[in-house]
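Trainee:
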Amino acid sequence: MSATAQSVGTKSAGDLSPVMASMSRKFDMLLVPILFLAITGAIHIHMMLLGGDWDFWVDWKDRRFWITITPIITICFPAAIQYITWVYFRLPIGATLSIVGLLFGEWMNRYFGFTLWAGFPATLTWPAMLIASALVLDTVLMLSKNWLATAIIGAPLFALLFYAQNIVILAPYHVPLEHMGQLMSVADMIGYAFVRTATPEYLRMIERGTLRTFGGESALIASFFSAFICMLMYMAWWKMGEIGGRQTWMKSIFDKAAKVRA
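Our numbering puts the first residue of the sequence shown at 1105, with every later residue one more than the last.
(1) How long is the line joining the alpha carbons of residue 1204 and residue 1341, rounded to whole angstroms?
(2) If you check the beta carbons only, do residue 1176 and residue 1330 fall under 7 Å apart?
(3) Just to confirm the assignment: which complete alpha helix (DSSP H) runs, minimum length 4, are found wholly within the segment 1117 to 1174?
(4) Does the separation of the CB atoms of residue 1274 and residue 1165 fall below 7 Å?
(5) Using the DSSP secondary-structure output, state which residues sit across from residue 1287 in a beta bridge.
(6) So, at 8 Å on beta carbons, what are the nonlocal neighbours of residue 1337 in its own chain, with the 5 sequence-adjacent residues on each side left out?
(7) Identify whether residue 1191 lies in helix, strand or coil by the three-state DSSP scheme.
(8) What number of angstroms, rounded off, separates the C-alpha of residue 1232 from the C-alpha of residue 1122?
(9) Beta carbon of residue 1171, beta carbon of residue 1326: below 7 Å?
(10) May I have the straight-line CA-CA distance separating residue 1202 from residue 1285, to the nearest angstrom?
(11) Anyone know if the C-beta pair for residue 1254 and residue 1244 falls short of 7 Å?
(12) Would the beta-carbon of residue 1265 fall within 7 Å of that of residue 1226?
(13) Report the start-end ranges of each alpha helix (DSSP H) in the segment 1215 to 1299 that is 4 residues or longer and not cut off at the edges.
(14) Looking at the structure shown, is residue 1351 part of a helix, part of a strand, or coil, going by DSSP?
(15) Kindly indicate the opening and closing residues of the alpha helix (DSSP H) around residue 1210.
(16) Look up residue 1346 in the DSSP assignment and say whether it is helix, strand or coil.
(17) Going by beta carbon distance, what residues of the same chain come within less than 8 Å of residue 1246, once the five residues before and after it are set aside?
(18) To the nearest angstrom, how far is the alpha carbon of residue 1316 from that of residue 1132?
(19) From residue 1298 to residue 1346, what distance separates their C-alpha atoms?
(20) Distance check for residue 1147 and residue 1209, CA to CA, integer angstroms please.
(21) Can you find a CB in chain B that lies within less than 7 Å of the CB of residue 1136?
(22) How should residue 1160 be labelled, buried or exposed, when 16 other C-beta atoms within 10 angstroms of its C-beta is the threshold for buried?
(23) Can you grab the Cα-Cα spacing for the pair residue 1200 / residue 1238, in whole Å?
(24) What three-state label does DSSP hand residue 1301 in the structure shown?
(25) Leaving aside the five residues before and after residue 1294 along the sequence, list all residues of the same chain whose C-beta is less than 7 Å from its C-beta, in chain order.
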C-alpha cells in the first residue's frame, strides 16, 4: 500500500476482496456512460448557445463566419477534457471523446428535434464534421507529450482542417441554379423552400463582407484567423481543465478549516 493511500485511509486495488473488486468494476461500467452523457450534454449546449445557427442550417455554412466561429467554439471542451484524460490517465483521447460526444448529441437533436418534430430535412440541418480535427489534436499531444506544443501546433491544425473535412460534404450545396429569374445556390434554395422563424437575424445576406480583398480567398483568411484564436483558446481552456480537475480530500479541507478557527 502506498504512503498516500495509508495517509488518507484508502485501499489499493490489490487489497480489495474479490467481491469488492467486482463491485468496483461494475461501478466503473456505470460511471463511464454517465460521464460520456454529461460531456455530451455540456459541449452540445455550449455549441448551441455560442455556435448556434451557423451550424444549424446548410445555407448559413458560409466561408466567413462559419469557418471562423465553429473551430474557436468547439476547441474549448476538448482542451479541458484533454487535461483530465492526459494528466490523470495518460490517455490522449480527450479531444476525440469530446467531439464524438458533440456529434452524438447534435445528431440526436437534429434527427429527433429538427427532422421528426419540426419537419426540417437532414439536408438542411446536418452538423459539421470535426473528427479529423480532434484526432490530429490528440495525436499531437500523444507525440509531443506537452500541452504547450499541442497549443502551438495542434490547435491551429484543429482549425485549418475544419473546412477541408467539410468541403466534400458542402460542395454539392454550392452548385448554382436559377429560380424565378434569380441565381442562387442549392443551399439557398433549400433554405428558401423551408421557411424558418422571421426574426431579423435570419433576414440577412450570407457572406456579406470585404474578405475577398485579400486575393479573393475568404475561406483561407477565415481559417488562418480561426487557427490563431484557437491557440489562445486552447491555452485558456487547458488551464480551465487544470482548475476544474484539481483533486482534494475532505479531510484536508476540514483540517484547514480547523486551523483557521484555531
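Glycine included, each C-beta is placed from N, C-alpha and C at the ideal position.
Mentor: By the coordinates alone:
(1) 19 Å
(2) The Cβ-Cβ distance between residue 1176 and residue 1330 falls below 7 Å.
(3) 1122 to 1154 and 1157 to 1160
(4) yes
(5) 1282
(6) 1176, 1179, 1180, 1183 and 1259
(7) helix
(8) 46 Å
(9) The criterion of a C-beta distance shorter than 7 Å is satisfied by residue 1171 and residue 1326.
(10) 45 Å
(11) yes
(12) no
(13) 1226 to 1229, 1235 to 1248, 1259 to 1274 and 1290 to 1297
(14) Looking at residue 1351 - three-state DSSP - the assignment turns out to be coil, as it is neither helix nor strand.
(15) 1198 to 1212
(16) helix
(17) 1196
(18) Legend: pLDDT at residue 1316 = 47, less than 50; position of this residue unreliable, value from coordinates given subsequently. Rounded to the nearest angstrom, the two C-alpha atoms are 53 Å apart.
(19) 45 Å
(20) For residue 1209 and residue 1147, the gap between their C-alpha atoms comes out near 9 Å.
(21) The structure shown contains no chain B, having only a single protein chain.
(22) buried
(23) 5 Å
(24) coil
(25) Around residue 1294: 1162, 1163, 1227 and 1228.
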